[in-house]
Structures are given as structure tokens and as C-alpha cells.
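Chains as they are written, first to last, in this note's numbering: chain A, 1 to 347; chain D, 1 to 284. Quick reminder that beta carbons are idealized off the backbone N, C-alpha and C, glycines included.
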Amino acid sequence: MKDVLHKLTLLGEAICVQLENGCLPFIEIPSRTTSNIVYDEMRGRFVLSGARIKRTTSNVKHLRVFTQTVWMAYMAKRLIEEGKSTTLRDLYYMAESYGVKFKDQQESDSIIADVEALLGVSREQLRIFPEERATIYGDLTIRYNVHGYERTILNLTASPDGVAIGPALAAADFQDCGAEKVIMVESGGMFTRLIEEKAHEKFKAVLIHTAGQAPRLARHFAYRLKRELGLPVYIFTDGDPWGAHIAMVIISGSANAAHVDSLVIPDAKWIGILPTDIEDYRLPFEKFNEKDWKRLHDLMADPRYQSPFWRNQLKKFEEEGKKSEQQALSIYGLSYVTEKYLPEKLI
Amino acid sequence: MENLPKMPVETLPHPHGVDAEMLRRLLKRREGKSLLYFMAKSFQRVGYATAKKFLESAGFSPHQPTSTLTSDDVLELMEAMKRYSFPPPDARCLSPIGEDVLRDAIMKVFEPEFVTVCQRPPSVYLGHPFIVEVAVAYGCKGIDEEVSLYRFANRIPLIYDAHSDVSMNVLKKFNWGNYLPVRPQATAVFTHICSTKIPFKTAGKECIADPPEIEREIELALKECCRRLKTHITGRVNMEERGRRFNAYKKYLPKIAQFATELAGRRDAPNISLTLERILEGLD
Numbered sequence: 001m002k003d004v005l006h007k008l009t010l011l012g013e014a015i016c017v018q019l020e021n022g023c024l025p026f027i028e029i030p031s032r033t034t035s036n037i038v039y040d041e042m043r044g045r046f047v048l049s050g051a052r053i054k055r056t057t058s059n060v061k062h063l064r065v066f067t068q069t070v071w072m073a074y075m076a077k078r079l080i081e082e083g084k085s086t087t088l089r090d091l092y093y094m095a096e097s098y099g100v101k102f103k104d105q106q107e108s109d110s111i112i113a114d115v116e117a118l119l120g121v122s123r124e125q126l127r128i129f130p131e132e133r134a135t136i137y138g139d140l141t142i143r144y145n146v147h148g149y150e151r152t153i154l155n156l157t158a159s160p161d162g163v164a165i166g167p168a169l170a171a172a173d174f175q176d177c178g179a180e181k182v183i184m185v186e187s188g189g190m191f192t193r194l195i196e197e198k199a200h201e202k203f204k205a206v207l208i209h210t211a212g213q214a215p216r217l218a219r220h221f222a223y224r225l226k227r228e229l230g231l232p233v234y235i236f237t238d239g240d241p242w243g244a245h246i247a248m249v250i251i252s253g254s255a256n257a258a259h260v261d262s263l264v265i266p267d268a269k270w271i272g273i274l275p276t277d278i279e280d281y282r283l284p285f286e287k288f289n290e291k292d293w294k295r296l297h298d299l300m301a302d303p304r305y306q307s308p309f310w311r312n313q314l315k316k317f318e319e320e321g322k323k324s325e326q327q328a329l330s331i332y333g334l335s336y337v338t339e340k341y342l343p344e345k346l347i
Numbered sequence: 001m002e003n004l005p006k007m008p009v010e011t012l013p014h015p016h017g018v019d020a021e022m023l024r025r026l027l028k029r030r031e032g033k034s035l036l037y038f039m040a041k042s043f044q045r046v047g048y049a050t051a052k053k054f055l056e057s058a059g060f061s062p063h064q065p066t067s068t069l070t071s072d073d074v075l076e077l078m079e080a081m082k083r084y085s086f087p088p089p090d091a092r093c094l095s096p097i098g099e100d101v102l103r104d105a106i107m108k109v110f111e112p113e114f115v116t117v118c119q120r121p122p123s124v125y126l127g128h129p130f131i132v133e134v135a136v137a138y139g140c141k142g143i144d145e146e147v148s149l150y151r152f153a154n155r156i157p158l159i160y161d162a163h164s165d166v167s168m169n170v171l172k173k174f175n176w177g178n179y180l181p182v183r184p185q186a187t188a189v190f191t192h193i194c195s196t197k198i199p200f201k202t203a204g205k206e207c208i209a210d211p212p213e214i215e216r217e218i219e220l221a222l223k224e225c226c227r228r229l230k231t232h233i234t235g236r237v238n239m240e241e242r243g244r245r246f247n248a249y250k251k252y253l254p255k256i257a258q259f260a261t262e263l264a265g266r267r268d269a270p271n272i273s274l275t276l277e278r279i280l281e282g283l284d
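See the structure below:
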């Protein structure tokens, strides 16, 4: 936190000095345009290349966005200092009362990403959060450090529905952990099934429900579990190109967040449902529809999918043209996933 | 109206501009004189020297009496006159309206935002001298169309049959986009053609034919007017643009200073009044 505050202060100081010297202030932001996003094969993720854009008030067209950028940094500083958090949507509305109204939320989201790139911190560190919430369940004890909950200690098995990964939880300290791995689960039905089947005890796992594409907060939390507690991360999704991509974004990050470091988990592992599983476990399947084919071909052209493992998976999809949901495992009974499928996958 | 237009000067016809009927009349007036005398006394821009050269090149004897010409001779003489290159006709006989008078009149009637008048130097078609005057008034009161045309011939307004008029032809072909950043609005175009002979298309004297010389002069005058109009409009746009620029800085720069001050954790905001002043003066 100190580090982030320091960076924000330096930014303000730089602009003040420019103004004092009678200059029209400018800032240089790492460019987030497609041409500047490159795939770093060594690190297995997208990163920003060297290009920077100059946002300068000497260009009257930049004036409004420049003001919005500084305002955004200023809001972040206040949020951090006051121990509060906000959402992307909140900020879009708040801007109006400061006279820096955004055209639409897309514009304000883009400015937030600019501030992230400018300071080299994630928006979560700036106390700005998206609306989507993932949930977590497992033998992990945390201590909140948000205002009013400083002493609150919570074991994440407290609720059978799991605990939402919100701003407070994302910033909490890890107190104690009985788990040895993290399983990220795509669908809510499977998440509940795993809790009911006591998968967290059986596999000593922390379960995270991503609800489709994992929110950044969930990715950031899993990243912390991996980094701070050394827990390996497994990803369990539907067996289709969309599920594969949920896993890929957790592993390699997205192009959109190429400027943020604390989101990618390069050694996370996609355990299923793999295209080969459909045959191996004789799961009920559906044929690919047009959208699935298009998605598959997009992925095949994606630089993140060029490792032998991923190339094989996509090739298998292409050969078979079959997909299976996580729930397809229920054809062999509700406990099949914890009795047979996962034990074989988590070896 | 303070300055009256200059009085026109009476002149003789120009040899290029006479037809057979007129030539016969002129010859009759100089009956019994030599052709040389006839030529030198009946036409403008023709003296004895020019007359002699012309008659010799046309195969007439300078000393031949005018009364001996047959009617074929008269026609031949006319054709020869048309072929021969005499000095251009004298335009002092013409009576243009004048730029000031035209401008004042338009201002009074239409109250335009901007008006400009262009008088072309005298020119000639078929031996007839003429002067074209064009005025363009932009942002007129009481004009709804984008462009409307008002025509005058020798100071007489032409009311009917505007669509086959030479001025309308020029206007139709005119590309406003080359001159104006925007579509013309409430614009009036005035054309005045004064000549010793206006080439009316019909006996009703309502619309003017389009000899290429006249069409060209109208076009050139219109272009000149529109160049001036363009300067006016872009100048106005620039002024507005500068105003907008300054307002943007006045709005945003204090905010930038305020947010940056709070970011830096300073107590006092940097003074930006000087920077704003410099922007107003256009230094930045």
C-alpha cells in the first residue's frame, strides 16, 4: 500500500512541478494499443512492449482525458487513505460531480487502465473493483484489515455457499491454511456439488467459483494463494473452447490486462474437462455449433495456445467437434466427480 | 448615396460589333466619302493608319467612294471587319454600378453578415465591350434557400426565365465546397452585366445567352468573391476555435492543479493564472 501511495504522490508532484514552471503538464503512459501488446513466450503471458503515449495538455484535445486521468489517480489516493473501495461503475458516476464527466463507462474503464499502466499497479491495489464477484470456500483462515473489521478472523468454510471474494477479502491477511491446493471451478452447480461432496476435505483444497470467465479479483486472490502460501492452482471448467479459455486467461492473462503483473499464474493447470476426457470417461456430449467452431479457430490462432499441451487439446477438439459440460459427469451419479474423476485428475 | 456613378462617354461602334444593317446605315451617313474616310470616322479605335492597313488587307481601295459599294461588297466588308484584329473596344461608354454602390444597396436591403463585390476589368465579346460585376452576400436576412440569384443587365433587374440564364449556368456548375468549409447559408449572388449589347436569348429580354467570354468573366468574379468569403468564414471559425480552446483550459487547468496538489499532498496549488494568460494570448 505504501508503495502505491508513494507512486501516486510522485505523479501529483510531477504535475505540480510542471505547472509551477509555467508548462502545460504532460504524462507518458505505456501504450495499451493492440500493436504494443506482445506475447512474451518466456514468461508465457502478454506484456506491454516499449511504446508509450504522451498525453499532454498542450493539445486541447487531450485536455479532458488528461484531467480525468489525474482525477482518477486522485480518487484512488483518497480511497486508499480512507480505507474505502469502489467499483468501476461508481467511478463513472462520481466523475460528474467533479466536473470531469465521462461519455460512457467504457471511457472511464479505459482511464482506469491507463492509471494502472502509468503507475504499474493493478486497479485492485487502487481500491477499484469490478462488479462481478467470485466465491471461495475452503479451509483457509483470514484476518480482515478493512476499517471496522480489523480483528475479525474468518475461516472460509463459514458459509456453505462460500464467501464472496470482494475488496475486503482480497486485501485480507492469510492467518492459517489447512488446504494444499486451489481448485477453480467454472460453474456454480459444480462448486456446490464439490462442497456438498466435501471435496475440500477429501482433496485438501480451497475451491473458487469463477462463474464463467474468472473476475480479476478471483485471479488476483488465487495468485496470492499461489505466491504467499505456495498452493498449486488447478482449473476445472466445461469441456469446450470457452472453458479452455477460462483456464488460459487464469494461466496466461488477457491482452486487456497486459499491463498488470499480479494476475497471471503460469503454472496453474487445466485439469478438465479435457477433450480427451469425453471419450475416456464416455461422457454425454453435444456437437459443436457454429459459435463453438469460430471460437475454436480463434483460439488456434492465439499465441497463448502454441505450447504442445494446448495445441494437442485444441487439435482434439477440432477432430471430434464434441463438447461436454462439467455436469455431464453426473450421469454416473452425484459422487462420481469426487470419487473417480477428480482423484484421477489431481494426482 | 454619396458618390454618383461616373458618367459614361459616348463612343462610336467598334468594327467587330456591327451587323450588315448597321453597316449600311453608317455607310449611308458618309455617302460620297472615300472608304478610308468612312472607316476612320465611323468606328472607335480606327484612325487613318489602321483604316488604310485594314482596307488594303481586305482588298478594298481606300479611295473608293462609299456609294459605289454593292450590297455584296457591304457583306464582304463586314466579314473582313470581323476577321481583322482591331484594338479592343473602349469601355468608357459602359456604366457599371460600381462596387461601393452595389455593396451599400445590398447591405441596406439584405443586412447580410458579410458582403463582397467584384468588378471585373472590361472585356469583349463579338466586338461588344462588357463589364461583369458580381456580389456575394452571406447570411442574408429574409433568404431561406442556400443560394439565391439576382440578375441585372445594364442596371435593369431581370425577373423571369432565370433558369436558362448564363449566370444560373455558372452558379449550377460552381463548386462551393472548394471555397467554403460549410454549405452556403442564406447566400445571395448578384450578377450585373453591362454592355453596349446584352446578348439576350429572347425578344422578351429576360435571360442572357452564354457567350464563353461572358460566362468566363462571371465565373472569375464569383470565384474572387468566394475567396474573400472564405477568408471571412475561416477567420470567424478560427476566432470561435480560439475561444473554445481558452474556455477548455479555463475549465480543466484549475482542476488538474487541484487534483495534482491533493495527489502530491501539498498544501497550496501551483499558480496557473500566468499559464492561462499565455494561452489567451495564443503563445502556447
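Below 9 Å on C-beta distance, what does residue i contact in chain D?
i      : result
C177/A : In chain order: nothing, as chain D lies at least about 37 Å away.
T57/A  : Y249, Y252, L253 and I256
K77/A  : E262, L263 and G265
T9/A   : L263, A264 and G265
E13/A  : A260, L263, A264, G265 and R266
Please confirm whether residue i and residue j have their CB atoms less than 7 Å apart.
i      : j      : result
P88/D  : V132/D : no
E132/A : T87/A  : no
A170/A : G138/A : no
P199/D : P211/D : yes
L351/A : L217/A : The structure shown does not extend to residue 351/A, since chain A is modelled only from 1 to 347, so the question has no answer here.
V134/D : C225/D : yes
T338/A : E197/A : yes
Which residues of chain D have a Cβ atom closer than 8 Å to the Cβ of residue i, listed in chain order?
i      : result
F66/A  : Y252 and I256
E325/A : The premise fails here: E325/A is roughly 49 Å from chain D at the closest Cβ pair, so nothing lies under 8 Å.
Rounded to whole angstroms, what is the Cα-Cα separation between residue i and residue j?
i      : j      : result
S335/A : A158/A : 23 Å
R193/A : I235/A : 16 Å
T57/A  : I279/D : 11 Å
T70/D  : C140/D : 60 Å
G47/D  : L222/D : 37 Å
H147/A : A172/A : 11 Å
M168/D : M94/A  : 58 Å
T175/A : F203/A : Sequence inspection shows Gln at residue 175/A; the Thr mentioned does not correspond to that position. Computed Cα separation, rounded: 20 Å.
M7/D   : M81/D  : 29 Å
L10/A  : A260/D : 10 Å
G12/A  : L19/A  : 11 Å
T234/D : G253/A : 51 Å
F46/A  : D240/A : 23 Å
E10/D  : V18/D  : 16 Å
S164/D : L75/D  : 32 Å
D284/D : R183/D : With a pLDDT of only 48 at D284/D, under the threshold of 50, the placement of this residue in the model should not be trusted, and no figure is reported.
V4/A   : S122/A : 10 Å
Any idea what DSSP makes of residue i, helix, strand or coil?
i      : result
C93/D  : coil
V117/D : strand
R216/A : helix
F86/D  : coil
Q3/A   : According to the sequence displayed, residue 3/A carries Asp and not Gln. Helix at D3/A.
I153/A : strand
D284/D : Note that D284/D scores a pLDDT of 48, beneath 50, so its modelled location is shaky; the value from the coordinates is reported in the next line. Three-state result, D284/D: coil.
G239/A : strand
A40/D  : helix
R45/A  : strand
A137/D : strand
H209/A : strand
For residue i, which residues in chain A fall below 7 Å Cβ to Cβ?
i      : result
F259/D : V70, W71 and Y74
R242/D : Near R242/D there are no residues of chain A at all, since even the closest Cβ is about 10 Å away, more than 7 Å.
P270/D : C16, L19 and E20
L280/D : Correct list: empty, because the minimum Cβ distance to chain A is about 13 Å.
Which residues in chain A sit within 8 Å of residue i, going by Cβ to Cβ distance?
i      : result
L274/D : G22
In chain D, which residues lie less than 7 Å from residue i when you measure between Cβ atoms?
i      : result
V100/A : K255
P266/A : Chain D residues near P266/A: none, gap ~34 Å exceeds 7 Å.
Segment contact flag, the stretch 49-68 of chain D with the stretch 300-314 of chain A, C-beta cutoff 8 Å, min 3 pairs:
Cβ pair count under 8 Å is below three, so no.
Cβ pair count under 8 Å reaching 3, the stretch 265-272 of chain A against the stretch 288-306 of chain A:
Contact between the stretch 265-272 of chain A and the stretch 288-306 of chain A is absent, with fewer than three C-beta pairs closer than 8 Å.
Under 8 Å: do the stretch 179-191 of chain A and the stretch 202-222 of chain A share three or more Cβ pairs, one atom per stretch?
Short answer: they touch.
Any contact of the stretch 327-347 of chain A with the stretch 275-284 of chain A, i.e. 3+ C-beta pairs under 8 Å?
Yes, the stretch 327-347 of chain A is in contact with the stretch 275-284 of chain A.
Using 8 Å as the Cβ pair cut-off and three pairs as the minimum, do the stretch 65-74 of chain A and the stretch 110-121 of chain A touch?
They touch, by the three-pair rule.
Using 8 Å as the threshold, is the stretch 153-163 of chain D in touch with the stretch 234-250 of chain D, meaning 3 or more CB pairs across them?
With a cut-off of 8 Å, the stretch 234-250 of chain D and the stretch 153-163 of chain D do not count as touching, because too few Cβ pairs lie within range.
When the Cβ atoms of the stretch 32-42 of chain A are set against those of the stretch 70-79 of chain A, are three or more pairs found closer than 8 Å?
By the Cβ rule, the stretch 32-42 of chain A does not count as touching the stretch 70-79 of chain A, because fewer than three pairs are nearer than 8 Å.
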